[in-house]
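Following: one structure in structure tokens, then a few remarks.
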Amino acid sequence: MNKSLHFGGKVSSVRFCVLVTLSVAMIFADVRYSVFSQVRPYLTLLVAPIQVVVNTPQKVFYWADEHLASREGLVAENQSLQAEILLLRSRQQRLDSLQAENVRLRELLDASQRVDEKIVMAEVIGFDQNAYSHKLLIDKGFSSGAYVGQPALDATGVLGQVVETAAYSSRVLLIADASHFIPVQLSRTGFRGILRGTGSLKLMELMSVPRSVDIKKGDILTTSGLDNRFPSGYPVGVVRSVKYTQGKAYADIDVVPLAQLGRSRHVMLIDKPQAGKK
């Protein structure tokens, strides 16, 4: 058995030497005499599949690397665009807010020019809203001339009245508060009544209106001035509905406040010296 292996090893060595010698001879003959110049194109057809197999893993690696890099770039670009969109939207919202505030300030300026009494301009810095009380905190106090009982308006109507003052701030009780009552007058007919807050910023009630009174949806209610606190003629609300219930002597009348309760940012405090500051 050892002899067979020894013999086989010798045969392999001889074969290797013969193949090497033959290869060197073929290379020399091709370089020197171009023996295989006619055959070389056909030989490449045999070698091409091997080259494809050898190069495929490298190509796949390069393709995957380029694809992942391209995907990461797209993801990063997409995130950058999303951030830019959010930034532009926030700037647009800020611009819209500034434009809306500019409109409100112009309306307030126009409204202040229609007010005969002396006014103090204030800005809302806080808002108390719960089931029992609706109040605004403004940045003007008794150091600026604010006093308890002073009427407060915005650009569209009566907001309420000052109920508490400090040196540099005051609290305004809104007309929608359930504890607030204000004497009003129907602009169309002159009927006078009491408007009561319901606790809702969007709804008030006109109290004790007989069924015989001429009142309808869309009628405007203004301050009557009978309480000697709110000057007469300022808009308060608009009638939303009039309901008559069988057996009741008075009509159920819902009123929508004209002032932007809970949304006003700027307030006019009306100074009425002749009413007496309490």
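Going by the working numbering, the sequence shown opens with residue 8, and the numbers climb by one from there.
Just so you know, even glycine gets a beta-carbon here, dropped at the ideal spot from N, CA and C.
None of the values given here were measured: they were computed from a predicted structure.
Taking the Cα positions, threonine 163 is about 15 Å away from serine 239.
Counting along the chain, phenylalanine 188 sits inside the beta strand (DSSP E) bounded by residues 188-193. Assignment of alanine 83 by DSSP, reduced to helix, strand and coil, places it in the helix class. The way I'd put it, the stretch 133-147 doesn't touch the stretch 188-195; fewer than three beta-carbon pairs between them come closer than 8 Å.
Taking C-alpha positions only, aspartate 261 is separated from arginine 272 by approximately 26 Å. Every unbroken stretch of the beta strand (DSSP E) spanning 3 or more residues and falling wholly within the stretch 202-263 is given here in chain order: 210-217, 227-230 and 242-250.
Rounded to the nearest whole angstrom, the C-alpha separation of isoleucine 222 and proline 158 is 26 Å. Minimum Cα-Cα distance from glycine 200 among the listed residues Asp234, Ser177, Gly206 and Thr172 corresponds to Asp234. The beta carbons of arginine 236 and glutamine 168 sit closer together than 8 Å.
For the 8 Å CB-CB criterion, valine 263 and leucine 213 do not form a contact. Between aspartate 226 and glycine 204, the CB-CB gap reaches or exceeds 8 Å. In the same chain as isoleucine 126, and ignoring 5 residues on each side of it, the C-beta atoms closer than 8 Å to its own belong to Ser119, Met275, Leu276, Ile277 and Asp278, in chain order.
The three-state secondary structure of leucine 268, taken from DSSP, is coil.
Distances from the alpha-carbon of glutamine 253 to those of Thr196, Leu88 and Arg218 put Arg218 closest. Between tyrosine 175 and serine 215, the C-beta gap is not smaller than 8 Å, which leaves the two residues out of contact.
According to DSSP, residue pairing for leucine 276 in a beta bridge involves Val127 and Ala159. For threonine 196, no beta strand (DSSP E) segment is defined, and its DSSP state is neither H nor E. Residue pairing for lysine 142: DSSP places it in a beta bridge opposite Asp135 and Leu180.
Counting only the Cα atoms, glycine 244 lies some 15 Å from threonine 196. The alpha-carbon separation between threonine 230 and glutamate 130 amounts to approximately 23 Å. With contacts defined by Cβ atoms closer than 8 Å, lysine 250 and alanine 258 form a contacting pair. The C-alpha of proline 242 is placed about 24 Å away from the C-alpha of glycine 133.
A straight line joining the alpha-carbon of glutamine 267 with that of aspartate 161 spans about 7 Å. Annotation for glycine 167: the continuous beta strand (DSSP E) segment containing it runs 165-172.
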